[in-house]
Amino acid sequence: MTATLATPLFEAESYPRLSVIVAGTGNVGIEFLRLFRRQQQRLAGQLDLQLAGVFNSRKALLNSSLDSDTCPNVLAQSPEYELAELITYLQQLPAPKVLVDITPSQEFARLYPVFVAAGCHLISANKQGVTLPVSEYQAIQTALQQRDLHWYSNTTCGAGIPVQRVLQELRESGDQIRRVSGVFSGTLSWLLCRYDGSKPFSEFVLDAKALGYTEPDPRDDLSGKDVQRKLLVLARELQLPLELADIALTPLLPAGLEQGEWSEFWQHRVQLDQSMDAYFQAAQSANKVLRYAASLTLKEGTVIAEVKLVAVLPQDPLAALAPCENMFVIESDWYKDSPLVLKGPGAGREVTAGGLHADLAVLAKAIMAAF
Ligand SMILES: NC(=O)c1ccc[n+]([C@@H]2O[C@H](COP(=O)([O-])OP(=O)(O)OC[C@H]3O[C@@H](n4cnc5c(N)ncnc54)[C@H](OP(=O)(O)O)[C@@H]3O)[C@@H](O)[C@H]2O)c1
1 MTATLATPLF EAESYPRLSV IVAGTGNVGI EFLRLFRRQQ QRLAGQLDLQ LAGVFNSRKA
61 LLNSSLDSDT CPNVLAQSPE YELAELITYL QQLPAPKVLV DITPSQEFAR LYPVFVAAGC
121 HLISANKQGV TLPVSEYQAI QTALQQRDLH WYSNTTCGAG IPVQRVLQEL RESGDQIRRV
181 SGVFSGTLSW LLCRYDGSKP FSEFVLDAKA LGYTEPDPRD DLSGKDVQRK LLVLARELQL
241 PLELADIALT PLLPAGLEQG EWSEFWQHRV QLDQSMDAYF QAAQSANKVL RYAASLTLKE
301 GTVIAEVKLV AVLPQDPLAA LAPCENMFVI ESDWYKDSPL VLKGPGAGRE VTAGGLHADL
361 AVLAKAIMAA F
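Residue numbers are given in full-length UniProt numbering: position 146 of the sequence shown equals residue 146, and the series is strictly consecutive.
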């Protein structure tokens with residue numbers, strides 16, 4: 001037997017480096033950065049995870065090895081940046097690299113083709129990218145495929161609940177999805193779980209606003225538009241070429257009340273209260289409860305997508321929802337008699353940042369496997 005020089009199990013070059021660039025330093029972005037070091041430590045010895053950029057709408061820190069703990073403070077002291085500067089930086093950064101979009105901006109999402117051309121994988125919490133018009137969405141997907149890049153967007157619907165991943169796994173395993181339905185708005189879930197007819201509905205809206213559960217103008221929640229966009233996210237996951245306008249939307253808010261100032265709406269709130277009272281009384285007399293539900297039904301080559309108020313019986317999965325929770329009910333060839341149900345908090349910075357790290361972990365695994 002001849003002696004050989006011992007070689008270390010892992011040499012510095014024996015595992016890949018992944019550069020992460022974070023767009024958005026608001027509620028979720030800051031939490032994502034707070035969790036970053038733990039992810040770095042978890043992957044140490046298998047993948048060199050580096051924070052290589054952090055920026056918001058005004059300021060940017062562009063450096064291939066940033067400290068995630070201190071960068072929010074350093075960013076605050078940094079100068080303003082130009083978009084061209086960011087793009088040149090991304091182009092020059094060695095691959096593999098991933099851009100994590102934690103902004104709410106459609107304008108920013110429209111830059112995805114530029115980021116993909118610069119060689120970036122994408123992770124989005126921002127719904128705007130995955131719900132762009134079909135032609136733009138498909139162009140991004142094609143560009144990603146041509147460059148062998150990935151796009152994860154699990155947090156765009158249901159925050160940390162891995163609904164897109166479950167749908168993807170079922171489809172890739174040969175199952176046929178027949179229907180996806182559920183409650184996708186934590187605010188409307190809270191309102192309809194709490195509303196018991198003891199006082200006007202608008203007073204529950206005020207309670208939700210005071211608890212910080214609503215958008216600054218709660219009519220944005222009551223419009224149902226956010227739920228409509230989330231249903232489109234799931235339609236895209238199922239590779240259905242739907243547009244937002246293909247999803248029938250019945251808002252909770254009676255027509256006309258969405259216009260004007262909040263104070264104007266408040267004067268006319270009795271219209272909302274009366275319509276909700278009528279729905280509530282009808283549901284109660286049928287031993288049902290109200291939920292604001294989204295559904296996507298696939299039947300014999302047709303797709304019916306709708307978002308509306310429904311009344312459900314106590315044995316319906318949607319009846320068993322706690323205030324603020326989201327629920328996804330998946331019916332398929334395999335889950336025919338009893339649907340597959342996913343339930344949990346559908347918003348919140350911890351679960352959303354955690355969900356983004358789950359997407360990052362999936363990407364890291366793919367990069368390690370390909371190395
Ligand atoms: N909060 C949740 O529970 C939750 C759940 C699921 C998904 N999401 C999604 O996560 C995203 C972030 O939510 P958030 O609550 O963290 O929002 P937020 O607190 O309002 O923060 C948004 C951040 O995005 C930055 N930004 C806006 N436009 C930009 C642009 N064009 N370029 C670069 N940066 C830009 C803002 O910059 P400035 O600081 O300069 O204004 C800010 O730092 C949203 O898309 C939201 O829908 C949130």
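All C-beta atoms, glycine included, are put in the ideal place defined by N, C-alpha and C. Since the model is a prediction, treat every value here as computed from it, not as a measurement.
Residue ranges of uninterrupted alpha helix (DSSP H) with 4 or more members, entirely inside the segment 34-90 and ordered along the chain, are 36-43 and 71-77. The three-state reading of DSSP puts P345 in strand, counting E and B together.
Rounded to whole angstroms, W151 and D196 show a C-alpha spacing of 42 angstroms. In the DSSP annotation of this structure, the continuous segment of the alpha helix (DSSP H) that includes A117 starts and ends at Y112 to A117.
A residue is called buried once 16 or more other Cβ atoms fall within 10 Å of its Cβ, and E31 is buried on that count. According to the DSSP secondary-structure assignment, S19 is paired through a beta bridge with Q50 and K97.
A direct Cα-to-Cα measurement between P133 and A109 gives close to 12 angstroms. For the beta strand (DSSP E) assignment, the uninterrupted runs of no fewer than 3 residues enclosed by the segment 243-303 are, from N- to C-terminal side, 289-299.
In the three-state DSSP reduction, R147 falls in the coil class, being neither helix nor strand. V54 places its beta carbon 9 angstroms or farther from that of L356. Between the C-alpha atoms of Q164 and S105 there is a straight-line separation of about 21 angstroms. For F328, there is no enclosing alpha helix (DSSP H); the enclosing beta strand (DSSP E) covers residues E325 to S332. Taking the C-beta atoms as reference points, L170 is found no nearer than 9 angstroms to I161.
In this structure, the beta-carbon distance from L192 to V205 does not fall below 9 angstroms. Counting along the chain, S124 sits inside no alpha helix (DSSP H); it lies in the beta strand (DSSP E) bounded by residues C120 to S124.
When rounded, the separation of the alpha-carbon atoms in M327 and P218 is 21 angstroms. Counting only residues of its own chain and dropping the five nearest sequence neighbours on each side, C71 has a CB closer than 8 angstroms to the CB of L33, L51, V54 and L61. Taking C-beta atoms under 8 angstroms as the contact rule, L318 and V183 qualify, at a distance of about 6 angstroms.
According to the DSSP assignment, S105 belongs to no alpha helix (DSSP H), since it is labelled neither H nor E. In this structure, the beta-carbon distance from R58 to Y81 falls below 9 angstroms. Under DSSP, R179 shares a beta bridge with T297 and E331. Secondary structure of E215 (DSSP, three-state): coil. Here the C-alpha atom of D226 lies approximately 12 angstroms from the C-alpha atom of I247.
Secondary structure at L321: coil, using DSSP grouped into helix, strand and coil. In the DSSP assignment, Y152 forms a beta bridge with I123. K308 carries a strand assignment under DSSP once its states are collapsed to helix, strand and coil.
Nearest to V362 by C-alpha distance, out of A208, A139 and H121, is H121.
By the CB criterion at 9 angstroms, G26 and N56 fall inside the cutoff. One Cα belongs to L290, the other to L232, and the distance between them is close to 23 angstroms.
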